[in-house]
Amino acid sequence: ETWAMRITVQRRLGLPLDVACQAVEAGKKAPNGKPHEELGDAAMVNPRAKHATRHKYLLKRLVKTLRSAWGMLIEMEPTAHLSYSNPKQPDVAAANIGKGHVRLVGDLKLTSSLTCKGGDRLGWK
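If you count the sequence shown from 1, you need to add 26 to reach the numbering used here.
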């Protein structure tokens with residue numbers, strides 16, 4: 027049993043996290059300034075990283091998969107996006123791969139069935 031496996035199983039089952047409980051008892055705050063809570067949701071978003079850690083890892087995996095088919099036509103978080111997506115920076119963009127050789131633009135949305143309030147925050151069924 028490793029610490030990573032323990033945290034993964036605890037999150038999957040919706041159980042309080044050992045490390046989060048220790049942080050709560052010590053009165054520590056997450057990187058986003060919110061106090062830690064037992065399920066570890068406050069620690070998921072780091073404002074200095076701009077995206078949640080899980081979002082970033084999933085985005086990297088998605089881009090790697092898309093690039094295996096279309097190569098470097100796939101752009102991850104393109105910086106020159108204002109001509110086709112103003113002002114929002116998309117997560118993924120690709121020129122000339124859509125039907126009729128149009129630019130495809132995508133934004134990754136990651137949700138979790140495990141929330142600290144015990145319900146779906148987006149209202150999905």
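The beta carbon of each residue, even a glycine, is placed where N, CA and C say it ideally should be.
### Task
Would you list the one or two residues that DSSP bridges to I100?
Residue pairing from DSSP places I100 in a beta bridge opposite A120.
#### Entry: Cβ-Cβ distance between P102 and L130 below 8 Å
A quick correction: the sequence has Met, not Pro, at residue 102. Going by C-beta atoms, M102 is not nearer than 8 Å to L130.
### Task
Taking only the alpha-carbon atoms, compute the straight-line gap between E51 and P42 and give it to the nearest angstrom.
P42 has its alpha-carbon roughly 13 Å from the corresponding atom of E51.
### Task
Using three-state DSSP, classify L130 as helix, strand or coil.
strand
### Task
Return yes when the Cβ of D133 is within less than 8 Å of the Cβ of P116, no when it is not.
yes
### Task
Counting only the same chain and skipping the five closest in sequence on each side, list residues whose C-beta sits under 8 Å from that of P104.
Same-chain partners within the cutoff: Q115, P116, A119.
### Task
Count the other C-beta atoms from every protein chain shown that fall within 10 angstroms of the C-beta of A56, then say buried if there are 16 or more, exposed otherwise.
buried
### Task
Would you decide whether H62 is buried or exposed? Buried here means 16 or more other CB atoms lie within 10 Å of its CB.
buried
### Task
Using the Cα positions of H107 and V128, report the straight-line distance between them to the nearest angstrom.
15 Å
### Query
Using DSSP with H/G/I as helix, E/B as strand and the rest coil, what is K82?
helix
#### Entry: Identity of the residue in I123, S111, G53 nearest A95 by Cα
For the set I123, S111, G53, the Cα lying nearest the Cα of A95 is the one of I123.
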